[in-house]
Amino acid sequence: MGRSSIIYVIGLTLIVGLMLNNITHNSVSSMDTFTTYYGATRVHNIAVSGANVGAQALLAYAVFPANFGVDFFGGHDSIMYFANTPQTDWVTLRSVSQVDQVITSTMNPELLGLPFRDTVEGVFKHVTFAKFSWFTEAEKNGYKGPTGTAGPYYGALDWKITGDSVFGPAHTNGKFNIDGRPYFNQKVTTALGINKGPTYNPDWPGYDIAYESRPTTANLQANLTAAAMLGQGFFDQTAGNNDVALTFNNDQVRVQIPPNGSLRDTTMAISALASNGVIVVQGADVRIKGTYQGQITVAAFGGSGAAVNKGNVWIDGDVVGKTDPQTNPASTDMLGIVAGRMAYITEDDTRTASSVLNIDAAVYCQNGELTAENFWNIPLSGRVNLYGGVTQSTAGSLGLFNPGPPLTFLNGYSYDIHNDPRFETQQPPHFPTSSSYEMVSWWEN
Amino acid sequence: MSVMLDLIGSLVIAGFVILMGLRLNETISGTADASMAGLNVQESMAELVRNIESDFKKAGFNVPDPTQTILLADTAHIKFLADIDHNGKVDTVEWFLGPKLTTLPNPNVCVLYRNVTDSSGVWSGGGAAGLGVTQFHLNYFTQAGAPVQPLDAANYSKIWIIEIALRVESPYKVQDVVNTDNSQYAAAFWKQTRLASRNIKRHGG
Numbered sequence: 001m002g003r004s005s006i007i008y009v010i011g012l013t014l015i016v017g018l019m020l021n022n023i024t025h026n027s028v029s030s031m032d033t034f035t036t037y038y039g040a041t042r043v044h045n046i047a048v049s050g051a052n053v054g055a056q057a058l059l060a061y062a063v064f065p066a067n068f069g070v071d072f073f074g075g076h077d078s079i080m081y082f083a084n085t086p087q088t089d090w091v092t093l094r095s096v097s098q099v100d101q102v103i104t105s106t107m108n109p110e111l112l113g114l115p116f117r118d119t120v121e122g123v124f125k126h127v128t129f130a131k132f133s134w135f136t137e138a139e140k141n142g143y144k145g146p147t148g149t150a151g152p153y154y155g156a157l158d159w160k161i162t163g164d165s166v167f168g169p170a171h172t173n174g175k176f177n178i179d180g181r182p183y184f185n186q187k188v189t190t191a192l193g194i195n196k197g198p199t200y201n202p203d204w205p206g207y208d209i210a211y212e213s214r215p216t217t218a219n220l221q222a223n224l225t226a227a228a229m230l231g232q233g234f235f236d237q238t239a240g241n242n243d244v245a246l247t248f249n250n251d252q253v254r255v256q257i258p259p260n261g262s263l264r265d266t267t268m269a270i271s272a273l274a275s276n277g278v279i280v281v282q283g284a285d286v287r288i289k290g291t292y293q294g295q296i297t298v299a300a301f302g303g304s305g306a307a308v309n310k311g312n313v314w315i316d317g318d319v320v321g322k323t324d325p326q327t328n329p330a331s332t333d334m335l336g337i338v339a340g341r342m343a344y345i346t347e348d349d350t351r352t353a354s355s356v357l358n359i360d361a362a363v364y365c366q367n368g369e370l371t372a373e374n375f376w377n378i379p380l381s382g383r384v385n386l387y388g389g390v391t392q393s394t395a396g397s398l399g400l401f402n403p404g405p406p407l408t409f410l411n412g413y414s415y416d417i418h419n420d421p422r423f424e425t426q427q428p429p430h431f432p433t434s435s436s437y438e439m440v441s442w443w444e445n
Numbered sequence: 446m447s448v449m450l451d452l453i454g455s456l457v458i459a460g461f462v463i464l465m466g467l468r469l470n471e472t473i474s475g476t477a478d479a480s481m482a483g484l485n486v487q488e489s490m491a492e493l494v495r496n497i498e499s500d501f502k503k504a505g506f507n508v509p510d511p512t513q514t515i516l517l518a519d520t521a522h523i524k525f526l527a528d529i530d531h532n533g534k535v536d537t538v539e540w541f542l543g544p545k546l547t548t549l550p551n552p553n554v555c556v557l558y559r560n561v562t563d564s565s566g567v568w569s570g571g572g573a574a575g576l577g578v579t580q581f582h583l584n585y586f587t588q589a590g591a592p593v594q595p596l597d598a599a600n601y602s603k604i605w606i607i608e609i610a611l612r613v614e615s616p617y618k619v620q621d622v623v624n625t626d627n628s629q630y631a632a633a634f635w636k637q638t639r640l641a642s643r644n645i646k647r648h649g650g
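Protein chains in written order, with our numbering: chain L, 1 to 445; chain Y, 446 to 650.
Here you go:
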């Protein structure tokens, strides 16, 4: 009896011991799983936090930030900035974190015993003005004729009212004037807030306060001129100030100087005229129309003396891509229009209320606005479909209307502006960009 | 007589000892079983969570128009665009809960599926991502925190935040004295209340 009791007790002890060992092992494994998840989360949070700090330093920079390291939350994070590949004018921010804690879970045996590490990468690029469907320095009319004479509504506030729609990013470095219920499909940004009319009730997701600096005229002109000279697309018209007319016909372009062609009237491949797609007219205006193919930026800059009011771009008719970017977002045809002064839609009194003028382009007016020539004094001219956007110093008007109700158009054009989503990540060659950065993508493991 | 009493007494005591041993054995076996089931459930949950977080944080990565990121948003089914393998090509990533499995003791167990399709439409990876999932529930919110109703395709572009609830249970019952709310199935529950991909958020609203 005594011996068998001892054997029984020993056997029971062994069984219980094995069971307890098994339970203890499960508990330890469970704790390892927990600590591994905790460690991975902690090191990830360190990497994200470091990337946030690094991104903020980049987005709000006065001097481009240097690489740095920081210790916090029981770990170390290194933040590095370097040129992106293949877009070398973009910046990649890499945040690499590490903690001393080692991986103890056997869920991933190959990582066992290694310290926790994580990497977060953000890619940033300069804010391109092509992405804005609407951008102004100030929300007021700034119409000046080609002779420099101010229009009758010069200086009047531009109001966004019921019936107005903006699809895509909208921004002003001034104040938006809003009354009634205009529609914005995205959150707008404004440097100075909102000027509210008596029936202010916009249909939008709201607004943020932000400022976007534009390049100086000198820098803008220098950059585009250098690019145009490099690609042989530079027209120096400072002697004579003869305007240049460009009529696009798919991959061909007819060049007329002056627009009646008396000095030059040639047709050539766009790539032969400007190998990099940048065409700059110096000391004169440029007139454009037609169907273009490829990536092109057309710019005009004035000068002094007789050229003081030059630097305008005249849109003489439809300017559209060969492959319609509205119906085919994979279209590689894109146009940038850059005016040192104004971009005019040329007066054409043959237009009627049912006419449609199509423009597939990103328009940029450094010291003026996109407007219709004599918009207050021309017959009802139908609608302008701008697929792209406009960045301008002042808020250009295309027509005159009585807000009613009912809303009644009196002169000129109504308009419909849709942003081109391609311009979020691409832009016409050497199209102006802001000095500030914006995020392109964010990668977390 | 006293010998008989000793024998009877010792038999009774021995019986109690044996019963105690058997009871102890049963308890320890049950506890070991429960702890193993709990560990399996926890590891399965940890692996699933790691994959879900990894995928969802990449939603919209390298997508030219991030407002078009979400292709389908249902309560237990989501499909979105992301360059998930960082190769410059946008993939379609899909997570969804399969039907309940009928062959297991736990009648609520399902398979959670993950499919990745590359931009050419050719299936390029995925399949069953996790077993033992009894709940995979998704809620969607705008930047302002307003709910976006499931399958409301017109408002997919407004989705900025995704709330995910995930529950994993063992396929069989265990003796679990800790989790008493699940009819004796080992269970783990995880909820991510504000999972927002920076890539969805990077433009507009």
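Using N, Cα and C, we set each Cβ at its ideal position, and we do this for glycine too. Note that the structure is a prediction, hence the values are computed from the model and not measured.
Distance, residue j Cα to residue i Cα
i	j	result
TYR364 of chain L	GLY396 of chain L	12 Å
THR104 of chain L	TYR38 of chain L	11 Å
VAL319 of chain L	PHE248 of chain L	8 Å
MET439 of chain L	ALA239 of chain L	44 Å
ARG643 of chain Y	ALA339 of chain L	35 Å
GLY303 of chain L	PRO428 of chain L	24 Å
ALA503 of chain L	PRO182 of chain L	The question about residue 503 of chain L has no answer here: the residues shown for chain L are numbered 1 through 445.
VAL244 of chain L	ASP118 of chain L	56 Å
LEU640 of chain Y	ASN241 of chain L	59 Å
SER474 of chain Y	PHE501 of chain Y	40 Å
PHE64 of chain L	ILE515 of chain Y	35 Å
THR172 of chain L	ASN201 of chain L	19 Å
ASP89 of chain L	THR346 of chain L	36 Å
ILE337 of chain L	GLY388 of chain L	11 Å
GLY454 of chain Y	VAL554 of chain Y	51 Å
ILE523 of chain Y	ASP563 of chain Y	16 Å
SER331 of chain L	LEU576 of chain Y	44 Å
ASP236 of chain L	LYS322 of chain L	28 Å
VAL120 of chain L	ALA307 of chain L	52 Å
SER30 of chain L	ARG3 of chain L	40 Å
THR106 of chain L	ASP510 of chain Y	41 Å
THR291 of chain L	THR297 of chain L	14 Å
GLU137 of chain L	TRP442 of chain L	30 Å
VAL457 of chain Y	ASP451 of chain Y	10 Å
GLY116 of chain L	THR36 of chain L	Checking the displayed sequence, the identity of residue 116 of chain L turns out to be Phe instead of Gly. Near 9 Å, if we compare the C-alpha coordinates of THR36 of chain L and PHE116 of chain L.
LEU12 of chain L	ASN532 of chain Y	60 Å
is_contact[residue i, chain Y] using C-beta, thresh 7 Å
i	result
PRO446 of chain L	For residue 446 of chain L there is no data in the structure shown, the boundaries of chain L being 1 and 445.
MET342 of chain L	no
MET334 of chain L	no
PHE431 of chain L	no
THR425 of chain L	yes
ASN402 of chain L	no
ASN328 of chain L	no
ILE103 of chain L	no
TYR37 of chain L	yes
ASN441 of chain L	One point to set straight first is that residue 441 of chain L is Ser, not Asn, in the sequence displayed. Yes, SER441 of chain L lies at the interface with chain Y (some Cβ there is under 7 Å from its Cβ).
Test: residue i CB closer than 7 Å to a CB of chain L
i	result
ALA477 of chain Y	yes
GLY650 of chain Y	Any reading at GLY650 of chain Y needs caution, since the residue's pLDDT is 39, under 50, leaving its predicted position unreliable; the model's value is listed next. Closer than 7 Å: yes.
ARG643 of chain Y	yes
ALA491 of chain Y	yes
GLY466 of chain Y	yes
GLN487 of chain Y	yes
Residue i CB to nearest heavy atom of the ligand MG below 6 Å
i	result
MET342 of chain L	No copy of the ligand MG appears in this structure; indeed no ligand is present at all.
Opposing strand residues paired with residue i [DSSP bridges]
i	result
GLU614 of chain Y	Y:ALA632
GLY290 of chain L	L:PHE248, L:VAL319
VAL298 of chain L	L:ILE279, L:ILE337
SER441 of chain L	L:VAL123
ASN433 of chain L	Note that residue 433 of chain L is Thr in the sequence shown, not Asn. Note: THR433 of chain L sits in a beta bridge opposite L:THR128.
HIS582 of chain Y	Y:ALA610
- Task: Give a yes or no on contact between the segment 143-150 of chain L and the segment 160-172 of chain L, applying the rule of three or more CB pairs nearer than 8 Å.
- Result: Segment contact: the segment 143-150 of chain L against the segment 160-172 of chain L, fewer than three CB-CB distances shorter than 8 Å; contact not assigned.
- Scan the segment 171-241 of chain L and note each continuous beta strand (DSSP E) run of 3 residues or more that stays entirely inside, going in chain order. Taking only runs of at least 3 residues, the beta strand (DSSP E) segments lying wholly in the segment 171-241 of chain L are 176-178, 188-190, 194-196, 207-209, 234-236.
- Task: Run through the segment 503-575 of chain Y for me and flag every whole beta strand (DSSP E) of 3 or more residues, listed as ranges in chain order.
- Result: The beta strand (DSSP E) runs lying completely inside the segment 503-575 of chain Y and spanning 3 residues or more are 515-519, 522-527, 536-545, 555-562, given in chain order.
- Message: I want to know whether the segment 225-232 of chain L touches the segment 181-195 of chain L - three or more CB-CB distances under 8 Å.
- Response: No contact exists between the segment 225-232 of chain L and the segment 181-195 of chain L.
- Message: Tell me whether the segment 572-590 of chain Y and the segment 544-558 of chain Y touch, counting them as touching only if at least three CB pairs, one residue from each stretch, are closer than 8 Å.
- Response: Taking a contact to require three or more Cβ pairs closer than 8 Å, the segment 572-590 of chain Y and the segment 544-558 of chain Y qualify as touching.
- Any chance you could list the beta strand (DSSP E) runs of at least 3 consecutive residues sitting entirely within the segment 350-405 of chain L, in chain order? Entirely contained in the segment 350-405 of chain L, the beta strand (DSSP E) runs reaching 3 residues are, in chain order, 356-365, 370-372, 380-394, 399-402.
- Item | Residue ranges of each alpha helix (DSSP H) within the segment 471-506 of chain Y, 4 or longer | Fully enclosed alpha helix (DSSP H) runs of 4 or longer: not present.
- Message: Contact between the segment 578-586 of chain Y and the segment 598-618 of chain Y is defined here as three or more beta-carbon pairs at a separation below 8 Å; is this criterion met?
- Response: With contact defined as three or more Cβ pairs closer than 8 Å, the segment 578-586 of chain Y and the segment 598-618 of chain Y are in contact.
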